[in-house]
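Structure, as structure tokens:
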Ligand code: ADP
Ligand code: MG
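Residue numbers (the working numbering): 1 to 329.
Given below as structure tokens:
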């Protein structure tokens, strides 16, 4: 494009809250035929709220007795109630900045549940947290995190399934068998499933229209998320993305490969995301597009930034790109 056309396009973009990183980008955007949306914070508000807390697992009925006869230390702890499950989860998540964690901590405060900050805390990316609390070692996270730590997640499956079908992110809570104050972090800690907590996010008001308009123009629309399959499909359905065009349970380091995979048939994709997790995928896609309120890392990796955080501005970016190019012909 001529410098003049680039200047006009860039300026029109800026006026509309669409920042293009240079003239090349302005030209490339017009050619995309596929849009890949990250779910959390991109199609949804990313403002999680705690919605459910429940005792689940072998300990839920008669478990305390069993624990005691097993020589376990549950009798030393507060009674296994929903409130205790929330106390454990909030304590474990107190050191995490993940939106799911912040919602749990906030939810505990709102409900007047007292909890102490974790003594030690380990983030397991794409899975959850492992923390040392005053009640012992605690795990909060998805099925993989618990299974990798030897916990049978089957007793919670029915509840998890129901919550996920509502589009909520359900998380499992497990407590190790060590005595309070004696929590050690040896790898052979035996964890016991104690409950389930769930956070819900709200789909952005314009997400459905944005997806509809893009599809109407003949673009393929995908969703990629680290969230589980059922939650992802429930959200996809809400915004009008085909459930077959959803890639769920994608680990942070796998997001870029997932974009490559979508582009493997020669399609030219714009990846739209907000998180640190999304940065490699933004850099890999034909066009990377960051949500303005997203992390600096995402904005840095992206070619386009949507200042209004509005997924409908993806179409605006395409229109501006087309307009600025038709002017020079
Ligand atoms: P997304 O791609 O949607 O931003 P992440 O890759 O950060 O999601 O996380 C994927 C999944 O791992 C979450 O849906 C959740 O089940 C689990 N998870 C991640 N971080 C946490 C946490 N701090 N506490 C509990 N669960 C977590
Ligand atoms: Mg995100």
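C-beta: ideal position from N, C-alpha, C; glycine also.
This structure is a prediction, so every number in the text was calculated from the model and none was measured.
If you draw a straight line from the alpha carbon of residue i to that of residue j, how long is it in whole angstroms?
i           : j           : result
residue 157 : residue 261 : 31 angstroms
residue 230 : residue 164 : 6 angstroms
residue 131 : residue 107 : 19 angstroms
residue 117 : residue 5   : 56 angstroms
residue 37  : residue 321 : 19 angstroms
residue 69  : residue 237 : Unreliable positioning characterises residue 69 in this predicted model, as indicated by a pLDDT of 46, which lies under 50. The coordinate reading is nonetheless provided below. Computed Cα separation, rounded: 48 angstroms.
residue 219 : residue 49  : 33 angstroms
residue 250 : residue 160 : 19 angstroms
residue 211 : residue 189 : 46 angstroms
residue 53  : residue 147 : 20 angstroms
residue 23  : residue 2   : 9 angstroms
residue 109 : residue 317 : 41 angstroms
residue 278 : residue 56  : 33 angstroms
residue 180 : residue 82  : Since pLDDT at residue 180 reaches only 46, below the 50 mark, its modelled position is unreliable, and no value is offered.
residue 20  : residue 248 : 29 angstroms
residue 246 : residue 141 : 21 angstroms
residue 183 : residue 252 : In this prediction, residue 183 scores a pLDDT of 49, lower than 50, which makes its location untrustworthy; the coordinate-derived value is nonetheless stated afterwards. Approximately 30 angstroms between the Cα atoms of the pair.
residue 32  : residue 287 : 8 angstroms
residue 10  : residue 304 : 11 angstroms
residue 213 : residue 78  : 54 angstroms
residue 62  : residue 80  : Legend: pLDDT at residue 62 = 46, less than 50; position of this residue unreliable, value from coordinates given subsequently. Between residue 62 and residue 80, the C-alpha separation is close to 10 angstroms.
residue 217 : residue 202 : 26 angstroms
residue 324 : residue 171 : 47 angstroms
residue 51  : residue 7   : 48 angstroms
If distances are taken between C-alpha atoms only, which option among the options comes closest to residue i?
i           : options            : result
residue 270 : 302, 218, 148, 292 : 302
residue 276 : 290, 263, 176      : 290
residue 300 : 274, 316, 317, 149 : 274
residue 227 : 82, 285, 216, 254  : 254
residue 309 : 12, 8, 16, 155     : 16
residue 266 : 93, 192, 39, 285   : 285
residue 94  : 80, 139, 78        : 139
residue 196 : 225, 155, 105      : 155
residue 119 : 103, 136, 111      : 136
residue 224 : 200, 39, 168       : 39
residue 152 : 9, 315, 162, 173   : 173
residue 294 : 92, 47, 323        : 47
residue 169 : 175, 200, 176      : 200
residue 292 : 92, 209, 45, 29    : 45
residue 175 : 232, 90, 162       : 90
Using the DSSP secondary-structure output, state which residues sit across from residue i in a beta bridge.
i           : result
residue 170 : 198
residue 128 : 124, 141
residue 320 : DSSP, once it has assigned bridges, lists no residue as partnering residue 320.
residue 52  : 198
residue 224 : 38, 247
residue 291 : 306
residue 10  : Paired residue(s): none; residue 10 is not in a bridge.
residue 18  : 306
residue 272 : 37, 289
residue 203 : 44
Checking 9 angstroms against the spacing of the C-beta atoms, do residue i and residue j come in under that value?
i           : j           : result
residue 335 : residue 18  : Because the chain in this structure spans residues 1 to 329, residue 335 falls outside the shown range and cannot be described.
residue 144 : residue 43  : no
residue 26  : residue 41  : no
residue 87  : residue 113 : yes
residue 240 : residue 191 : no
residue 206 : residue 312 : yes
residue 85  : residue 235 : no
residue 280 : residue 256 : yes
Legend entry - the segment 119 to 138 touching the segment 88 to 98, judged by at least three CB pairs closer than 8 angstroms: Under the Cβ criterion (8 angstroms, minimum of three pairs), the segment 119 to 138 counts as touching the segment 88 to 98.
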